[in-house]
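Q:
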């Protein structure tokens, strides 16, 4: 967010579809005291009036650079969609010429809030302590989110611990599944998908999509 209006140096977004050449041409340079010369990339905004866009539009700051870099590193061609799992979860649509658009959810921050600031805190495990995700409980969370919505699924995680004897790690896996299901809108479409970011999301989501026959690639922490 360093190029936002609350960052170090504001640079206006470019509207999608944003050609890669335009992104490069839009880079601004500034000599900041104590830091030296810094290059700031403009970011991309998806306008709500664009063809096939969400009625509220969307914005990217930083992930467009990751997507362009991953296209090059992985040798990808044609239309490819990237799904970034971090504090915000983002779909970034690209082709050989441009960043076509994006879609964002608050998935990562919602999970962090639930784990750290709700009644579920005492019955869950921190993401940093998780080993292998319990896929049975992850899939239960996905199903609960699909059936009753996110708010009910979250409370169902508490009930899983209290009434079904689920361990804290299993409850956290359940919540990961529920958040992932609420983010399913990011996984729609027919373009190949590249998932990167927090492994607690990328691994289980990729496994589910592979089971559906989807063309999905996971980028590990060495690249993503």
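Numbering (the working numbering), first residue to last: 428 to 651.
C-beta: ideal position from N, C-alpha, C; glycine also.
1. Among 464, 450, 514 and 508, which residue has its Cα nearest to the Cα of residue 492?
2. Short check: CB of residue 618 to CB of residue 438, under 7 Å?
3. Excluding the five sequence neighbours on either side, which residues of its own chain have a C-beta within less than 7 Å of the C-beta of residue 504, listed in chain order?
4. Take residue 635 as the anchor and find which of 490, 536 and 563 has the nearest alpha-carbon.
5. Starting from the C-beta of residue 405, find all residues in its chain whose C-beta is less than 7 Å away, skip the five residues before and the five after it, and write them out in chain order.
6. Within its chain, find whatever has a CB closer than 8 Å to the CB of residue 458; leave out the 5 residues flanking it on each side and keep chain order.
7. Run through the DSSP bridge pairs and tell me what residue 507 is partnered with.
8. Going along the chain, which residues of its own chain have a beta-carbon closer than 7 Å to the beta-carbon of residue 585, five neighbours each way excluded?
9. With a threshold of 16 other CB atoms inside 10 Å of the CB of residue 487, please say whether the residue is buried or exposed.
A: So, to answer that:
1. Answer by Cα proximity: 450.
2. No Cβ-Cβ contact shorter than 7 Å links residue 618 with residue 438.
3. Within the same chain, 523 come within 7 Å of residue 504 by CB-CB distance, once the 5 residues on both sides are set aside.
4. Nearest to residue 635 by C-alpha distance, out of 490, 536 and 563, is 563.
5. Here the chain covers residues 428 to 651 and nothing more, so residue 405 does not appear.
6. Excluding positions up to five away in sequence, the list reads 464 and 465.
7. BP columns for residue 507 point to 521.
8. Around residue 585: 546, 547 and 550.
9. So residue 487 ends up on the buried side.
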